[in-house]
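If you're matching positions, the sequence shown starts at 18 in our numbering and goes up one per residue.
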Amino acid sequence: MPPQGHPASSYYVATAKGLEPHPVLRGAETADVCVIGAGYTGLSTAIHLAERGFSVVVLEAERVGWGASGRNGGQLGTTHRKDQQTLETMLGPEWAHRLWSLAVDSVATVKGLIADNAIDCNLKPGILHTAWKEGEAPELRAEVEHMQREYGVTTLRYVPADEVHEMVGTKRYFGAILDMGGAHLHPLNYCLGLACAATAKGVRIFENSRVTDIAKTDPARVTTAEGSVTARHVVLACNAYLGNLVPRIAGHIMPVNNFILATEPLGEAGARALIRDDVGVQDTKFVIDYYRLSADHRLLFGGGENYSGRLPRDLAAFVRKPMLRVFPQLKDVRIDYAWSGTLAITMPRIPDFGRIAPNIFYAQGYSGQGINLATLAGKLLAEAVAGQAERFDWMVDIKVPNFPGGTWLRYPGLLAGVWWYTLKDRLP
């Protein structure tokens with residue numbers, strides 16, 4: 018049986034390494050920093066603080082990696098959710114270059130943590146970003162040329178349609194960007210590896226310890242059902258699972274449900290017939306398809322999303338539909354696993370960083386780029402706690418607005434927008 022608190026049908030849980038329980042918080046603890054949330058943001062924060070000599074307690078409402086950090090598509094891109102030309106238009110060239118420096122650091126930080134802590138998470142190079150529509154191919158080519166010219170990037174290459182068709186077993190795409198600085202990995206094993214690294218550095222992790230109150234005092238006091246932590250600093254690393262803990266920042270993000278399936282093993286030849294070079298693939302649709310191969314030669318395919326607490330009755334059938342649009346040859350392939358996860362998006366698709374008190378910091382809203390950006394967020398949060406907040410403040414200064422209607426009325430507006438963009442995905 019899968020461990021309590023994890024999605025029973027997840028391929029990641031079935032192949033997890035080091036999914037060991039941590040104790041429930043009972044009684045009073047003290048620390049320099051209390052981190053709320055044991056996903057990428059929280060664990061990265063804890064590791065980077067521990068390396069600076071801080072004592073750290075991490076509180077997790079469920080299990081380590083229970084949220085999006087243990088359920089996502091496993092794709093590690095070198096870009097933000099917005100391309101650099103769009104960021105230049107939104108924020109100006111100086112800010113866009115700052116964000117690019119952070120994007121580069123984010124990928125290097127992930128790869129560095131994996132190497133330094135010997136995390137066994139099946140890290141493999143390469144992301145292929147494919148054009149769903151013919152008119153998008155020139156835009157991808159122009160993006161590569163811009164990145165090479167203005168940012169000196171050497172890891173991106175434009176791939177014309179005929180070569181894409183050799184690389185991926187479908188005729189659906191009209192061109193692509195190959196990002197060899199990117200990678201893909203087993204997301205839950207990466208998260209579990211971070212937890213193991215954190216505990217090895219003296220971090221105390223408590224699971225099934227949902228925070229019920231944060232006293233905005235100095236020192237702060239964080240309360241759970243059975244215990245409390247008194248700490249000089251608090252870091253909120255809850256992302257889509259923030260709930261009503263801090264209503265003031267909840268309206269900055271929109272929780273979105275994503276869905277993934279895993280096929281039966283296809284054999285190496287069958288898997289490589291779908292993705293020749295074993296890279297991760299994602300397309301340009303508004304509601305994107307994203308997929309890659311597992312270590313045991315399954316196709317892991319993510320597609321579709323919704324915006325309510327209700328999940329599709331048959332997750333496998335829900336995701337199988339977009340999978341067959343890309344790979345109709347898989348119509349008779351068995352689906353062994355299907356699961357859901359919740360990510361958080363922001364209005365501008367730029368992460369939301371800030372403080373809710375001088376000693377309480379937060380980061381959230383990675384908008385589908387969570388492996389690298391959440392890991393980086395932990396590094397920046399640790400810098401800010403240590404009094405070196407320059408890069409953290411770069412992100413704070415990009416003001417992320419509330420969704421219209423706040424936490425209760427944000428969904429109807431988003432659904433209208435999603436309906437429009439989904440319609441555009443279907444048009445030539």
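Just so you know, even glycine gets a beta-carbon here, dropped at the ideal spot from N, CA and C.
Owing to the predicted nature of the structure, the values given are computational and were not obtained by experimental measurement.
Reduced DSSP secondary structure (H/G/I, E/B, other) of residue i
i	result
D100	coil
G260	coil
R166	helix
L347	helix
F191	coil
E322	strand
I231	strand
Y57	helix
V252	strand
N487	What is shown of the chain runs 18 to 445, which leaves residue 487 out entirely.
E79	coil
M197	strand
G284	helix
H146	strand
G244	strand
D179	helix
Separation of residue j from residue i, as counted between CA atoms
i	j	result
R227	R115	36 angstroms
L328	G82	20 angstroms
V296	N419	36 angstroms
N261	M107	31 angstroms
S27	L317	11 angstroms
Y379	F223	19 angstroms
I231	A248	11 angstroms
L398	T95	20 angstroms
G448	R174	Residue 448 lies beyond the stretch modelled for the chain, which goes from 18 to 445, so this question has no answer here.
H65	A178	43 angstroms
P155	I194	11 angstroms
A214	A286	36 angstroms
R265	I415	17 angstroms
E243	G44	6 angstroms
E400	F409	7 angstroms
S357	V304	15 angstroms
G320	E68	38 angstroms
Beta carbon proximity, residue i to chain C, threshold 8 angstroms
i	result
Q405	Checking the listed chains, one finds no chain C in this structure; it contains a single protein chain.
Whole-Å CB distance - residue i paired with residue j, under 8 angstroms assumed
i	j	result
V246	E46	5 angstroms
L291	G186	5 angstroms
E322	N376	Not quite, the Cβ-Cβ distance comes to about 36 angstroms (not below 8 angstroms), so this is no contact.
G84	T359	7 angstroms
L76	V239	7 angstroms
Tell me, please, whether the stretch 277-296 touches the stretch 332-347 by the rule of three or more beta-carbon pairs shorter than 8 angstroms. With contact defined as three or more Cβ pairs closer than 8 angstroms, the stretch 277-296 and the stretch 332-347 are in contact.
I want to know whether the stretch 53-63 touches the stretch 156-164 - three or more CB-CB distances under 8 angstroms. Judged by Cβ distances under 8 angstroms, the stretch 53-63 makes no contact with the stretch 156-164, as fewer than three pairs qualify.
So does the stretch 135-151 actually touch the stretch 254-271, counting three or more Cβ pairs closer than 8 angstroms? With a cut-off of 8 angstroms, the stretch 254-271 and the stretch 135-151 do not count as touching, because too few Cβ pairs lie within range.
Quick check: the stretch 205-225 against the stretch 346-353, are there 3 or more CB pairs under 8 angstroms? With the cut-off at 8 angstroms, the stretch 205-225 and the stretch 346-353 do not touch.
Could I get the ranges of all uninterrupted beta strand (DSSP E) runs contained in the stretch 341-397, with 3 residues as the minimum, in chain order? Complete beta strand (DSSP E) runs here, min 3: 352-362, 369-374 and 377-381.
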